[in-house]
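Colleague: I have a structure here, written as structure tokens, and I will follow up with some questions on it.
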Amino acid sequence: MKFRVQQIARGFWRERYLFCIQASTSEEWQCRDVGPRELDKELRQLGFADHRDSYDIYTKLRFAVRHYGLGHGYVECDLSADVTGPERFEGDPRLDRA
1 MKFRVQQIAR GFWRERYLFC IQASTSEEWQ CRDVGPRELD KELRQLGFAD
51 HRDSYDIYTK LRFAVRHYGL GHGYVECDLS ADVTGPERFE GDPRLDRA
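Mapping to the UniProt record's numbering: the sequence shown position 36 is 36, numbers consecutive.
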């Protein structure tokens, strides 16, 4: 299982994220627009209950926004691999849904 998080809007009371899940490589990405609280809830359900893990994702997400621009950089994490922490990729997960 993989998930991606992309920040698509920011500002006071306007933080929005595109949260995508892919249950297996043969399935399509399932994406939806969420706010910060919904994103925290989704991360907890995926096993990121420890705030340090969530903070690592948010830190890398902020870097992706600074480096690639709002709505272009995203963080992807493969939960089925033996990889610790999220991996950052350049791209736009919204294009993968087309």
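Where is the CB? At the ideal position from N, CA and C, for every residue including glycine.
For L18, name the three-state secondary structure that DSSP assigns.
Modeller: In the sequence shown, the residue the question calls residue 18 occupies position 18. Three-state DSSP puts L18 in a strand.
Colleague: Tell me the DSSP secondary structure of A98 in three-state form.
Modeller: Here residue 98 refers to the residue found at position 98 when the sequence shown is read from its first residue. Note that A98 has pLDDT 36, beneath the 50 cutoff, so the model's placement of it is unreliable and no number is given.
Colleague: A9 bridges to which residues according to DSSP?
Modeller: On the sequence shown, position 9 is the one that residue 9 refers to. Answer is R16.
Colleague: One question on the structure: do Q30 and Y74 come within less than 7 Å of each other, judged by their Cβ atoms?
Modeller: Here the question's residue 30 lines up with position 30 in the sequence shown. Here the question's residue 74 lines up with position 74 in the sequence shown. No; because the gap between Cβ atoms is not below 7 Å, this pair is not in contact.
Colleague: Going by DSSP in three states, F48 sits in which element: helix, strand or coil?
Modeller: Here residue 48 refers to the residue found at position 48 when the sequence shown is read from its first residue. If DSSP states are grouped into helix, strand and coil, F48 belongs with coil.
Colleague: Go through its chain and collect everything with a Cβ distance to L46's Cβ below 7 Å, but skip five positions before and after it.
Modeller: Position 46 of the sequence shown, counting from 1, holds the residue named residue 46. Correct list, in chain order: F3 and L79.
Colleague: Could you give the uninterrupted runs of the beta strand (DSSP E) lying entirely in the region 54 to 79, keeping only those of 3 residues or more?
Modeller: The qualifying runs are 73 to 78.
Colleague: Let me know if A41 comes out buried or exposed under the rule of 16 or more other beta-carbons within 10 Å of its beta-carbon.
Modeller: Residue 41 sits at position 41 when you count from the first residue of the sequence shown. Per the sequence presented here, residue 41 reads as Lys, with Ala not at that position. So K41 counts as exposed.
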